[in-house]
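**Q** Please read through the structure below; I'll follow up with questions.
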Amino acid sequence: MIDKPLPPPPGYASWLDYAVECFSTRDPWLDSVFAGMFDPSVPELDREQIRESARIELCALRKAAAGS
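Just so you know, the sequence shown maps onto residues 20 to 87 in the working numbering.
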């Protein structure tokens, strides 16, 4: 266990920013592609939209934390 968090990688404000920008969007995208093969009502996800959604959620978390 560490006593103090490590600083985030250069160019990132936090580890959460790094995680959002660097996580793989391939698996959720592929899941949507395969699901759409069996159920045409399931939309195929766009990989950049997946990442943007994560950015929006992180922003909402920050706003909620600031309001507490």
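In this text, a Cβ means the ideal position worked out from N, Cα and C, and glycines have one as well. None of these values were measured; they are calculated from a predicted model.
1. Kindly indicate which three-state DSSP category ALA79 falls into: helix, strand or coil?
2. Starting from ALA54 and walking both ways along the alpha helix (DSSP H), at which residues does that stretch end?
3. Where ARG45 and ASP58 are concerned, what is the direct C-alpha to C-alpha distance, given to the nearest angstrom?
4. For the alpha helix (DSSP H) that GLU40 lies in, which residues bound it at each end?
5. Applying the 10 Å Cβ sphere with the 16-neighbour rule, what's the burial state of VAL52?
**A** Quick look at the numbers:
1. helix
2. 45-57
3. 20 angstroms
4. 34-41
5. exposed
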